Amino acid sequence: MDTKVLVVGAGPVGLTMAAELARYGVSVRIVDKAATRTDKSKALVLWSRTLELLERAACSETFVAAGRKVYAASIFAGDKQMARIDLTGVDSTYAYALMLPQSETERLLETHLEGLGVGVERNVEVTGFIETATGVEVNLAHADGSSERASANWLVGCDGAHSVVRHGLGAKFEGDTLQSDWILADGHLEGWPLTETELAMYWCEDGVLGVFPILPGRFRVIADVGNATGPRAADPSLEQIQAIVDRRGPGGVTLTDAVWLSGFRINERKVAAYRKGRVFLTGDAAHVHSPAGGQGMNTGMQDAFNLAWKLALVCRGALPAEPLLDSYSVERSAVGEKVLADAGRLTWVATLRNPLAQAIRNVAVRVLLGLPPVHDIFAGNFSEIAIGYKRSPLNGPYARGVGSPAPGRRVRMLPGRPPIGAGNIPRFALCTQAGAEVDALIAAYPLLLEPQPWPPFRADSFCLVRPDGYVACAVKDIGSIGRYLNALGGT
Ligand SMILES: Cc1cc2nc3c(=O)[nH]c(=O)nc-3n(C[C@H](O)[C@H](O)[C@H](O)COP(=O)(O)OP(=O)(O)OC[C@H]3O[C@@H](n4cnc5c(N)ncnc54)[C@H](O)[C@@H]3O)c2cc1C
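Residue numbering for the sequence shown follows numbering that gives the first Met the number 0, starting at 0 and increasing by one per position.
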């Protein structure tokens, strides 16, 4: 079988997936039914953790150069600032939110993918598939009316909220559509009084208004317009949004030159399992939720980062499929559940209508976010550096006192050093001091292990870090590392 992995959908998640596989030398095809990339700005934020993972792929600089750095998010009630979440203290070399329209994110990802020798096959629609003993047979419909039966060892559905791959698996997309209407506009804001390096949320008696700087002079305005019954309302007019900006915003602000006006409803849905046999679900195909917190696209891209190195190790023959591939669903489904719950809570809190509940909320938020530990938890969650895999089946032994983060926790990247997982071979990094025992272990697992010139967390410790930068195990005896790799099926 020539194609190891067939990726369905070339949105931000499919492009990330294909690029990571191509970087690791896995033969990949990526198809999309659309004739062109989206021109819509949709997801605006790349968070710190996504940028760290893009740095492993040697392309974060391009994104940073194209985007706009935002350092804080403020919440206002009327003209009072209730809270300010400062991102400059986030423990990352990317201590900010990078604002970049999704259309640009996709363009840069596609250019990156092309640089790795893979082009998106457009006007190609997946209409169905069946799994066989050795792979997946996929039906492709081409725009000229012809059809094709393609084979691949693995199929990855990155085909968005209405995923054909998810339907093909018969996986339930459990959850609800919230019964409230939302509107958005992208345009210029004349008279905007705040700095353009800050996001602003206005929690008002009649609803919420969010204002996000995108590019110099260009903003996204988003607002809820109350409970809804029946079909979704038509897209809003500029005048309708201006009236909301006047009512809920800081005053004296005029929205002009709108390039996108749209109405939407929020879906909160997720599949229970992200994998069935040789087929995987990632991104919006697996989870959709409120845009509050701006986590949707980032969560999807991180699904792809998580799955790609695992599939690459299997395709390269470095590890058997099990238990490695099953860990994808366990790890990412837990993250998806948390993102869904957090975004749902944030939406609920922001759209409270009862005046007494609003008053209590405002006091609680002011007090709580004024406490540094609570503030830091929020900043860690938004920036996604707090994401970890505490209950992963891949977590190995941990000896207290080795000074490293626990298994499943992220290892902070060191400025000026190549990140773990960079390069063209997915390997676990063995962080320790050089020595004969270390050389022998690396020689025993050449496809799986590489030494890391990073300082060990303690001179006499051994810390094994996964190719995606999360700790696998941290121990005081090197024999535990060998046993861990054996348990994964490493040879
Ligand atoms: C208004 C709005 C604001 C948002 N704001 C944010 C934000 O601030 N932060 C954030 O992180 N997220 C945000 N999101 C969510 C974000 O846009 C999505 O999470 C993201 O697009 C998901 O990417 P994806 O690649 O999974 O799916 P999509 O972007 O939906 O891409 C799926 C691709 O699959 C293709 N496809 C579908 N079916 C087939 C088929 N059968 N065969 C071949 N190809 C197929 C489609 O043509 C499409 O190109 C926002 C979304 C909206 C609508």
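From the three backbone atoms N, C-alpha and C, an ideal C-beta is built for every residue, glycine too. No experiment lies behind these values; they were computed from the predicted model shown.
For residue i, which residues in the same chain have their Cβ closer than 6 Å to its Cβ, ignoring the five residues on either side in sequence?
i      : result
Asn266 : Thr176 and Val287
Gln357 : Leu351
Asn394 : Pro406 and Gly407
Phe263 : Trp181
Thr49  : Asn297 and Met300
Leu237 : Ala257
Pro354 : none
Can you name, in chain order, every residue of its own chain whose Cβ lies under 7 Å from the Cβ of residue i, other than the five neighbours on each side?
i      : result
Pro404 : Val410 and Val470
Ile243 : Leu208 and Ala222
Leu312 : Leu318, Leu323 and Pro425
Ala342 : His288, Ser289, Ala291, Gly292 and Gln294
Asp459 : Lys475
Thr61  : Leu107
With DSSP collapsed to three states, give me the class of residue i.
i      : result
Ile182 : strand
Glu113 : helix
Phe172 : coil
Pro418 : coil
Tyr483 : helix
His374 : helix
Ile441 : helix
Asp31  : strand
Ser328 : helix
Cys472 : strand
His166 : helix
Cys541 : Because the chain spans 0 through 490 in this model, residue 541 falls outside it and cannot be assessed.
Met98  : strand
Thr346 : helix
Ser382 : helix
Gln301 : helix
Ser145 : coil
Thr49  : helix
Glu189 : strand
Gln451 : strand
Arg83  : strand
Leu108 : helix
Val364 : helix
Please classify residue i: is it buried, with 16 or more other beta-carbons within 10 angstroms of its beta-carbon, or exposed?
i      : result
Leu14  : buried
Lys389 : exposed
Trp191 : buried
His161 : exposed
Ile129 : exposed
Ile480 : buried
Ala9   : buried
Lys79  : exposed
Asn485 : exposed
Arg231 : exposed
Ile419 : buried
Arg28  : buried
Gln451 : buried
Thr431 : buried
Arg165 : buried
Val117 : buried
Pro445 : exposed
Arg399 : exposed
Leu413 : exposed
Gln178 : exposed
Glu321 : exposed
Asp185 : buried
Compute the distance between the beta-carbons of residue i and residue j, then report whether it is under 8 Å.
i      : j      : result
Trp259 : Ser40  : yes
Val30  : Glu120 : yes
Leu5   : Ala151 : yes
Val12  : Gly299 : yes
Ala96  : Val137 : no
Pro212 : Glu189 : no
Phe456 : Val401 : yes
Glu383 : Trp46  : yes
For residue i, which residues from the same chain have a beta carbon less than 8 Å from its beta carbon, with the 5 sequence-adjacent residues on both sides left out?
i      : result
Glu449 : Ile424, Arg426, Phe427, Ala428, Leu429 and Ile441
Ile376 : Ala385
Asp85  : Tyr70, Ala71, His374 and Ala378
Gln241 : Thr253 and Leu254
Leu115 : Ala18, Ala21 and Arg22
Glu173 : Arg268, Lys269, Val270 and Ala271
Ala76  : Tyr201, Trp202, Cys203, Gln357 and Asn361
Pro215 : Arg67 and Glu195
Cβ of residue i less than 8 Å from any chain B Cβ?
i     : result
Ala96 : Included in the structure is just one protein chain, with no chain B present.
CB of residue i to nearest heavy atom of ligand 2: below 7 Å?
i      : result
Gln294 : Here the bound small molecules are ligand 1; ligand 2 is not part of this structure.
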